[in-house]
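Chemist: Got a structure for you, written out below as C-alpha cells; questions coming shortly.
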Amino acid sequence: MANKKSEIKIQVEVDENNVPENLNWSAQDGGVNNEEAKAMLLSLWDSKNQETLRIDLWTKDMPLDEMKVFFHQTLVAMSNTFYRATEDEKMMETMKDFCDYFADKLELKKED
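Mapping of the sequence shown onto numbering that gives the first Met the number 0: position 97 corresponds to residue 96, and the numbering continues sequentially without gaps.
Set out below in C-alpha cells:
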C-alpha cells in the first residue's frame, strides 16, 4: 500500500526586478486554495549537509507594522514547536522570554 502524499503549492509573482508583488498558496489537505499572503518564511533541514535551507519572501506592499507582528508571532510559534520537538521546557521558556522582550522593544500590543 502506497503512502499518502500531500502537496503545498506557493506561487510568487515578481516584478521586473524580481521583487515579489503577489504571494498565493494552496494546500488541498488543509482546505486552502489559492489564498493570498503578504510574507512567508520557509526553512528546510538538509540532513546531508547539516544546514538549514531557507526561502524568505514578502511582497513590496507588506506594511512594516504587520511585518513586526509577523516576526513576533513566528518567534512565538517557533518556541512552541521547539518544545514539541525537544521537550526542553527550560529553553522554551527562555525563548518565550525573548519573544516578550522583542514585543516590548517593538511596542507591540500584548496578546492574551
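The beta-carbon is built from N, C-alpha and C at its ideal position, and this holds for glycine as well. Keep in mind the model is a prediction, meaning the values are calculated, not measured.
1) Return helix, strand or coil for Thr130, following the three-state DSSP convention.
2) Short check: CB of Met39 to CB of Ile9, under 8 Å?
3) What three-state label does DSSP hand Glu61 in the structure shown?
4) At the level of alpha carbons, what is the spacing between Ala102 and Thr93?
5) Return helix, strand or coil for Glu106, following the three-state DSSP convention.
6) Which residues share a DSSP beta bridge with Asn32?
7) Specify the secondary structure class of Val75 as computed by DSSP and reduced to three states.
8) Does DSSP put Asp99 in a helix, in a strand, or in coil?
9) If you follow the beta strand (DSSP E) that Met39 is part of, which residue opens it and which one closes it?
Modeler: Checking against the coordinates, here is how it stands:
1) No information on residue 130 is available, as it lies outside the stretch 0 to 111 that the chain covers here.
2) Start at 1 with the first residue of the sequence shown, and residue 39 comes out as number 40. Start at 1 with the first residue of the sequence shown, and residue 9 comes out as number 10. With respect to the 8 Å criterion, Met39 and Ile9 are classified as neighbours on the basis of their beta carbons.
3) Your numbering for residue 61 matches position 62 in the sequence shown. According to the sequence provided, residue 61 is Met. The question's Glu does not apply to it. Coil, per DSSP.
4) Counting from 1 along the sequence shown, the entry for residue 102 is found at position 103. Counting from 1 along the sequence shown, the entry for residue 93 is found at position 94. C-alpha separation (whole angstroms): 14 Å.
5) Taking the first residue of the sequence shown as 1, we reach residue 106 at position 107. It is coil, neither helix nor strand.
6) Here residue 32 is taken as the residue at index 33 of the sequence shown, counted from 1. BP columns for Asn32 are empty, so no partner.
7) Here the question's residue 75 lines up with position 76 in the sequence shown. Taken through DSSP and simplified to helix, strand or coil, Val75 comes out as helix.
8) On the sequence shown, residue 99 is found 100 positions in, with the first residue counted as 1. If DSSP states are grouped into helix, strand and coil, Asp99 belongs with the helices.
9) Position 40 of the sequence shown, counted from the start, is the residue given in the question as residue 39. For Met39, the enclosing beta strand (DSSP E) has its first and last residue at Ala38 to Asp45.
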